[in-house]
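Numbering (mature numbering (1 follows the signal peptide of the UniProt record, and there is no 0)), first residue to last: -32 to -1, 1 to 580. Glycine included, each C-beta is placed from N, C-alpha and C at the ideal position.
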Amino acid sequence: MTSIYNHLSIQEKGRSLSPQFLRLLTACFLFAAFLASCDTIQNAPVDTGTDASLPISFDLPPIDGAGNLKMSIVQGEESMYRAQIDGLRQVAIPGSNQREGWSIFPDRDLTTGNSLFSNVTLLTTKGSSEWDRVNYLLNTRRQFTDSETNATRLELQAALWVLSPHLDFDHRNPDVNTLNQDMLRNGTPAYNSTIVDDILTAVNAEYRGYEFDDFSVYAVLVRGGSDSYGLMLEASRYRVEMVNLAETAGLSVAWDINNRGQVIGGNLFWDENLGTVNMGNIFARAINDDGMVAGSRGNKLMLWNPDGGLSEVQIPMGDQIEVYDINNQGEIAGEMVSEQLVYEDEYGSYYDYEFYGFVWDHSHNIREITRNGWSSGINDMGLVVGLDYTITNRAYKWDEERGLRGLGTYSGFSSGRPNAVNNAGEVVGSILVSSDASPEMSGNALAGAEEKFSADRLLKATNTRGVYDPAHVAEMLVQGTFSAESFPWGETAAGAEQSFSQNDLYGSASSQSEAFLWSEDDGVTRLGTLGGDWSTAWDINDYGQIAGYSSVAPGVSRAFLWSEEFGMMELPGYGGNSLARAVNDRGEVIGYSYDETGSFVPVKWTVVWNGF
C-alpha cells in the first residue's frame, strides 16, 4: 500500500484546476480481469477451458504500467475470487495488490489452488459506453448486499454475466452441465434468480442517470498471455483510510502531524509505536520531523521533545503567545498578543488586542517581524509567511536576507491570509473576494482594516484563530452556532454571538473567502470550493498536496485534500462538519469530524493510491 503522494509527486508542475468532488470512498474501483490460459509458473493445475483462444476480442486500451504482470487466485469472501497481482510499478509496498474478483465466463471454471499466472495485462473499460451497466453495478453493488434485496456474491456474479456486453447468459435457464462449478449446489444453480431479476431491474432503470467521473468504479479487464480471458477482478483506484484518534490514541484534538506520522494536539503526543504521551502543561500546535513540539502556556513559549521533556522560554513582551509552526531547524513562527480590557458585563470580560508576528530560534533569539499581524508558517529555509494589516493585500513573506515583503498584488482579491508554506516556497491560505464582483475586478471585497481586526478579536477571544476561516465564523454567527462549534479548541466567550455580528467581520460588503495557492512563478491560483460559499487551505506538503476545508452548503462544511491532478477532493467523515488541519509528505491528513450525535472526533485520513 502506498500513499497517493507517491503517484502525484511525479506529475509535472502545472495549475490546471478542474476540481472534482470525492465521494465517500467506501465503494471500490473495480477491475474486471479475464484469464483463461495465462502461463502457469508453478505446477498447480489451471483450467483454461477447452480452447486456449477464445472467440471474443476486447477492443480496450491498456493501463499504463500494467503489463507483464503476475497473478495468483484464491477463493473470495465478499466476491467470488481474490487475486494478488505482482509487478505493478506504482505499488511499492507488498500486500497492497490484492483484488476482489469475479468470473467473466459462466462456462469456465477457475482453479484457485497454488497457481501463479504470468504475462497478464490490464485493460480499462473507462469511457466505453457498452460497459456502463456493468460499471454501474460495480459502483452500487453494496446497495444490494446491504439492503432488503439480500443479494449475495452469487446473485451479483449472475447479474454481471447478464450485463456483460459480450455474453448472452440466461440466468433462469443456465446450462448446468457447463456452468461454473462455484455457482452450483447439488447440480443446480446456487443463486436466487428472483434476486438477480431485482438487481437487473434496478440497474436497467438507473444506470443512464449515473454520472461517472475520475473517482468512479470502472471494470478493468486482465488479458492473459495468449489473449484469453476468464477472471473478473475488483479493486479500488483510490481509497481513504480513516482513523478515529480519540479511540486509537486518546486524543481530544489533532493539530499537527510530521513526516514520521507523529500527531500532537492539546497536551498529548501520539506515535503509532510509542503510544500516547502526556507532555505536561502545554497547548501544542506544531511538531517537526525530529519530534520537537512547540506550543504555549500564557506568555511562555513551551518546547517538548521525547528525550528531554518539557521546557519553557519567557517571552520579553506580550500578555500571551501563540505558536503556529516549527521547521526542522527548530525555528518557530507565531504571534505575541497584548491585551487591553475594554469592558465587562454579565457575559464576561472583553479585551482589545494588538498582534505581533515573531520568529524564535534555538539561540533564544526572538525576532519581531510585524507589529500589525502574525507569523503563521515557516519552512526549512527560514521563509516565513503571515499577515500584516499595513501592507498591500495583507499577505507577506519574510526571510533573514530580504526582510518583509508583500506576497504580491492580485486582481479581484482584497486580502490574503497565508497559513502555511512548503519547502518549494509555495504558500496556501484563504483570500477574501467579493461575491458581487467578477473575479477579475478588484474593489469592495471587504470593509477596512478595522473590520478585519474585529474578526481577529473575536477569534482571539475564543481561541479559534488558526482554526476557522473568518467567512466560516460569519456564517456561524448568522446561524447562532459559533459557541457550539468553537468549544473543542478552548475557552469560548459566552457572549460572543451577542457582542459580534457578521458586519463586525465583513462590514457591509457581500464577500466570501476562497482557498488559494501562491507560487513565485504562477502567482495566485484559486482552488475553488466543494460547492459552497467559502474554503480555506490550512497546510501544504512538499508534494503540493493541500489540506483544508470548505463549505458544501449553508451550515455544512467538509474536509478536503487538494492536488494538481484531481483538484479538491472531499474527505469522508463521521456524519457532521469536518476540517483538515495538516498534511505530511506521506499523504496523511489530520483534522476533525463531528459525528451524527454532535460529538467531536479527531481524525487521521490517508488517501491511498492502489496502483491503477
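- Residue environment: residue 284 is assigned as exposed (fewer than 16 neighbouring CB atoms within 10 Å of its CB, all protein chains considered).
- At a Cβ-Cβ threshold of 8 Å, residue 505 and residue 549 do not count as neighbours.
- Around the beta carbon of residue 176, a 10 Å sphere encloses fewer than 16 other beta carbons of the protein chains shown; the residue is thus reported as exposed.
- DSSP lists 326 as the bridge partner or partners of residue 336.
- If you compare the alpha carbons of 551, 29, 561 and 294 with that of residue 575, the shortest gap goes to 551.
- Of the residues assessed, residue 353 falls on the buried side of the cut-off, its CB having 16 or more other CB atoms within 10 angstroms.
- Going by C-alpha positions, residue 344 is about 29 Å away from residue 567.
- Residue 141 counts as exposed, since fewer than 16 other C-beta atoms from the protein chains shown sit within 10 angstroms of its C-beta.
- Secondary structure note for residue 503: its beta strand (DSSP E) is the uninterrupted segment 503 to 508.
- Sixteen is the threshold: when 16 or more other Cβ atoms of the shown chains lie within 10 Å of the Cβ of residue 159, as they do, the residue is buried.
- Note on the region 120 to 147: whole alpha helix (DSSP H) runs with a minimum of 4 residues are 121 to 131, in chain order.
- When 270, 510 and 35 are compared, the shortest CA-CA separation from residue 329 is found for 270.
- According to DSSP, residue pairing for residue 356 in a beta bridge involves 341.
- DSSP, read as helix, strand or coil, puts residue 482 in strand.
- Just measuring C-alpha positions, the residue of 288, 297 and 347 sitting nearest residue 321 is 288.
- Counting along the chain, the unbroken alpha helix (DSSP H) around residue 161 starts and ends at 161 to 174.
- Judged by DSSP in its simplified three-state form, residue 541 adopts coil rather than helix or strand.
- Counting along the chain, residue 362 sits inside no beta strand (DSSP E), nor does DSSP assign it H or E at all.
- Only residues of its own chain outside the window of five on either side were considered, and among them 281 have a CB closer than 7 Å to the CB of residue 332, listed in chain order.
- As the crow flies, the alpha-carbon of residue 312 is around 20 Å from that of residue 305.
- In its chain, beyond the 5 residues on either side, 390, 391, 392 and 553 have a beta carbon closer than 8 Å to the beta carbon of residue 510.
- Beta-bridge partners assigned by DSSP to residue 238: 231 and 244.
- With a contact defined as Cβ atoms closer than 8 Å, residue 292 and residue 265 miss out at about 15 Å.
- Cβ neighbours of residue 249 within its own chain (closer than 6 Å, five residues either side excluded): 265.
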